[in-house]
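Student:
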DNA sequence: AACTTGTCAATTTTT
DNA sequence: TTGACAAGTT
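Numbering (our numbering), first residue to last: 376 to 1068.
#1: First and last residue of the alpha helix (DSSP H) that includes residue 407?
#2: Pick out whichever of 788, 542, 487, 937 has its Cα sitting closest to the Cα of residue 953.
#3: Kindly indicate which three-state DSSP category residue 1000 falls into: helix, strand or coil?
#4: If you draw a straight line from the alpha carbon of residue 386 to that of residue 656, how long is it in whole angstroms?
#5: Indicate, with yes or no, if the ligand ZN has a heavy atom lying under 7 Å from the CB of residue 872.
#6: Are the beta-carbon atoms belonging to residue 408 and residue 444 less than 8 Å from one another?
#7: Would you kindly work out how many angstroms separate the C-alpha atoms of residue 708 and residue 1016, rounded to a whole number?
#8: In the structure shown, what three-state DSSP assignment does residue 401 receive?
#9: Distance check for residue 733 and residue 1025, CA to CA, integer angstroms please.
#10: Going along the chain, which unbroken runs of the alpha helix (DSSP H) with 4 or more residues stay wholly within the region 573-640?
#11: Check whether the region 547-554 touches the region 579-588, taking contact to mean three or more Cβ pairs, one atom from each stretch, closer than 8 Å.
#12: May I ask which residues mark the beginning and end of the alpha helix (DSSP H) holding residue 479?
#13: Relative to the alpha-carbon of residue 565, which residue among 520, 527, 579 has its alpha-carbon at the smallest distance?
#14: If distances are taken between C-alpha atoms only, which option among 447, 940, 465 comes closest to residue 743?
#15: Quick check on residue 1032: does DSSP put it in helix, strand or coil?
#16: Do residue 373 and residue 988 have their CB atoms nearer than 8 Å?
#17: Check residue 826 in the structure and name its three-state DSSP category.
#18: Helix, strand or coil, according to DSSP, for residue 545 in the structure here?
#19: Which residue's Cα is closest to the Cα of residue 404: 533, 667, 592, 436?
#20: Using the three-state DSSP reduction, which class does residue 1011 fall into: helix, strand or coil?
#21: Quick one: residues in its chain with C-beta nearer than 7 Å to the C-beta of residue 394, no 5 flanking neighbours on either side, listed in chain order?
#22: Is residue 574 buried or exposed, if buried means 16 or more other CB atoms sit within 10 Å of its CB?
#23: Would you tell me roughly how many angstroms separate the C-alpha atoms of residue 715 and residue 749, rounded to the nearest one?
#24: Is the beta carbon of residue 844 less than 8 Å from the beta carbon of residue 822?
#25: Between residue 388 and the rest of its own chain, which residues show a CB-CB distance below 7 Å, the 5 nearest in sequence each way excluded?
#26: Taking the Cβ atom as the reference point for each residue, do residue 638 and residue 613 lie within a distance shorter than 8 Å?
#27: Please state whether the Cβ-Cβ distance between residue 437 and residue 950 is less than 8 Å.
#28: Just to confirm before moving on: does the CB-CB distance between residue 1001 and residue 673 stay below 8 Å?
#29: Can you check the region 700-758 for any alpha helix (DSSP H) of at least 4 residues that lies completely inside it and give the ranges in chain order?
#30: What does the Cβ neighbour count give for residue 799, buried or exposed, with the cut at 16 atoms within 10 Å?
#31: Measuring CB to CB, does residue 664 end up less than 8 Å from residue 684?
#32: Give the list of continuous alpha helix (DSSP H) stretches no shorter than 4 residues that lie fully inside the region 772-842.
Have a look at this one:
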């Protein structure tokens, strides 16, 4: 039994309003996750079957956290609720309905690099003889992905962009249908498809539609401001019958508009779900009053938002610190020095600090300064475990054994480790396969029949032994899944990968023995995670591969010492909190970012740029801080080779001056007046002029 | 097949 | 200044 008196009054209202549409506007630090978990527990208390409850979030991390807290509150019963990400939910539906989907033998999930490979392949084919048309595959893929997020299919997309519009839009319109066709023939779905194809399936198949409309009676969505059109359509299908939909989010923290999130969903929720109740959570349990006042002041400059104002019962503490530094290095040294000082004088630990920046390049000088100061740090958003090359190669081998039609995986490993199947051979066999209407792998198997004269004996033999390798791997895995292989899937996979020569190559090709050891350890870690999956969820390699495509857990959770300074982008910081936060690079062209100010190239200033999302980024950054907040900037910054003067971010002017101390990194711990600042700037300018003349 | 040289661009990123 | 990537060289 949960205790509703542990909640404040709007929180309680959000928890007990169980039926009908409900929008919970949860300001930063207002106990959002608490409301969701209490709400679930309360539903169960009231006798709702856990099977009827669904809570969707965007990240695995959020879903895991929800799971833990619900388990703690509601105990064993809660195990049966579905707490999932949008993508995992889509996958669950597609798998459950695979008969209706028309992919009975299963499918591979393509990640960003697989997608990119597919687009590159298509671009090559389209413009192979045309030297002037070298399109950046990333930009093309970005447009396709954006279309999918908006639930715009290839035909509809093509209608929007005829001839002379935007070059990349025209190209994307040309590539998009071919891309979809390629994925289909590879038996592959990309991340976006996990949502889009689910919606398409629900749209076209009435029986499936009815099944899922009635599957859940109570649906909750976390971080609702981040939903894109496709996700919103999926949600509609799921709540059609019950109309019990509770969405939780904060329009002021909508920072993913650029990848298709539509803040309109949260702004117009009551139009979309008539009769919706709206509850605002404005009491903040995280930050001091000065920090909240600054956040409120900044965000008030945005129009088109739900009116909200964060407040706290906490007493006032330190003012914000606005610090001007000489250059990026000076800024980094200031941050490192301040961390050391605060640890020494005020009892903070390195783990209490976070350095937040707009773009990843800014982390470099910070890292160097922290290293120089012997402060250990962790970067959030580094390379994920399953994205390391050696692990990706292993995955490609396994995917190929399961899905020989997966051409991207095939191309990835067909000549890695090198086995004498070079680009020419691949192109010839690909051509022959196309002529005979065969998938590439089948073409390789039948090389001696369909391309006998096009290829040398040597090449044909290499192809044959590669195909044998994969076929043997397939047999090994099949026997492991049937339970007849000693050591199970893990050992079957190991034997297959060993036969592929992957391990030997890692050993041989590494620049140092240490590097080789590290890679082999990563590979072993991969096999261990397969073993764990096998024990917990059963011997199903396909299910394992799906799982790891959706998981982005990195491997350093083990040696995750908590006493490290956190380095993270403003985007990556959403949902986190720290006693002390440094927001670095508070300058024009960094925040707001150059690309927002000049969307059409460096020379074309947008007369009226939409700075709302940049401002929300700052808002997110400010509201991460519990006790102390530093806003730092550099007077000059070297871009490429030369130092360029920088102006303070226009957003700084939106913070009322009584909330901060302005100071100068060159005059430590003194409070600089605006006059001091100006004098210093003049001196710096004079120095600069003397240097250049 | 491995190595070198040249060119071009350089936000944010989960799943 | 870095880095990714493609084309050219050995």
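Just so you know, even glycine gets a beta-carbon here, dropped at the ideal spot from N, CA and C. Since the structure is predicted, the reported quantities are computational estimates derived from the model, not experimental observations.
Tutor: Per the coordinate set shown:
#1: Here residue 407 refers to the residue found at position 32 of the first chain. Going by DSSP, residue 407 is part of the alpha helix (DSSP H) stretching over 407-420.
#2: Against the first chain, residue 953 aligns to sequence position 578. Minimum Cα distance to residue 953 is reached at 937.
#3: Stepping through the first chain from its first residue, residue 1000 is reached at position 625. Three-state result, residue 1000: strand.
#4: If you number the first chain from 1, residue 386 lands on position 11. If you number the first chain from 1, residue 656 lands on position 281. Whole-angstrom Cα-Cα distance: 7 Å.
#5: As for the ligand ZN, it is missing from this structure, which has no ligand bound.
#6: Your numbering for residue 408 matches position 33 in the first chain. Your numbering for residue 444 matches position 69 in the first chain. Cβ atoms of residue 408 and residue 444: closer than 8 Å.
#7: Within the first chain, the letter at position 333 stands for residue 708. Within the first chain, the letter at position 641 stands for residue 1016. Looking at the two C-alpha atoms, the distance is approximately 21 Å.
#8: Here the question's residue 401 lines up with position 26 in the first chain. Secondary structure at residue 401: strand, using DSSP grouped into helix, strand and coil.
#9: Position 650 of the first chain, counting from 1, holds the residue named residue 1025. Position 358 of the first chain, counting from 1, holds the residue named residue 733. Roughly 15 Å separates the two Cα atoms.
#10: Qualifying alpha helix (DSSP H) stretches, in chain order: 581-588, 604-614.
#11: no
#12: The residue labelled residue 479 in the question sits at position 104 within the first chain. Counting along the chain, residue 479 falls outside any alpha helix (DSSP H), and DSSP gives it neither H nor E.
#13: As a working mapping, residue 565 is identified with position 190 in the first chain. Minimum Cα distance to residue 565 is reached at 520.
#14: Along the first chain, read from residue 1 onward, the residue named residue 743 stands at position 368. Checked all of 447, 940, 465; the closest Cα to residue 743 is 940.
#15: One-based indexing of the first chain puts residue 1032 at position 657. Helix.
#16: Summary: the structure shown does not reach residue 373, with the chain confined to residues 376 through 1068, and so no result is reported for it.
#17: Locating residue 826 in the first chain gives position 451, where the first residue counts as 1. Looking at residue 826 - three-state DSSP - the assignment turns out to be coil, as it is neither helix nor strand.
#18: Taking the first chain and counting its residues from 1, the one referred to as residue 545 is at position 170. The answer is helix: DSSP assigns residue 545 an H, G or I state.
#19: Here residue 404 corresponds to residue number 29 of the first chain, with the count starting at 1. Of the listed residues, the one whose Cα sits closest to residue 404 is 667.
#20: Reading the first chain from its first residue, position 636 is the one you call residue 1011. Residue state, collapsed to three classes: strand.
#21: Locating residue 394 in the first chain gives position 19, where the first residue counts as 1. The residues are 619.
#22: Counted from its first residue, the first chain places residue 574 at position 199. The residue in question, residue 574, is buried, as its Cβ has 16 or more Cβ neighbours within 10 Å.
#23: Here residue 715 is taken as the residue at index 340 of the first chain, counted from 1. Here residue 749 is taken as the residue at index 374 of the first chain, counted from 1. Computed Cα separation, rounded: 10 Å.
#24: Residue numbering aside, residue 844 sits at position 469 when the first chain is read from its first letter. Residue numbering aside, residue 822 sits at position 447 when the first chain is read from its first letter. It is not a contact, given that the beta carbons lie outside the stated cut-off.
#25: Taking the first chain and counting its residues from 1, one reaches residue 388 at position 13. Closer than 7 Å at the Cβ level, and outside the excluded window around residue 388, lie 654.
#26: Translated into positions along the first chain, residue 638 becomes position 263. Translated into positions along the first chain, residue 613 becomes position 238. For residue 638 and residue 613, no; Cβs fall outside 8 Å.
#27: As a first step, residue 437 must be located in the first chain, where it is residue number 62. As a first step, residue 950 must be located in the first chain, where it is residue number 575. In this structure, residue 950 lies closer than 8 Å to residue 437 by Cβ.
#28: Here the question's residue 1001 lines up with position 626 in the first chain. Here the question's residue 673 lines up with position 298 in the first chain. The answer is no: Cβ separation not under 8 Å.
#29: 703-721, 738-747
#30: Counted from its first residue, the first chain places residue 799 at position 424. So residue 799 counts as exposed.
#31: Along the first chain, read from residue 1 onward, the residue named residue 664 stands at position 289. Along the first chain, read from residue 1 onward, the residue named residue 684 stands at position 309. No, the pair does not count as a contact, with Cβ atoms beyond the cut-off.
#32: If we require 4 residues or more, the alpha helix (DSSP H) runs fully inside the region 772-842 come out as 782-788, 798-810, 815-820, 822-825.
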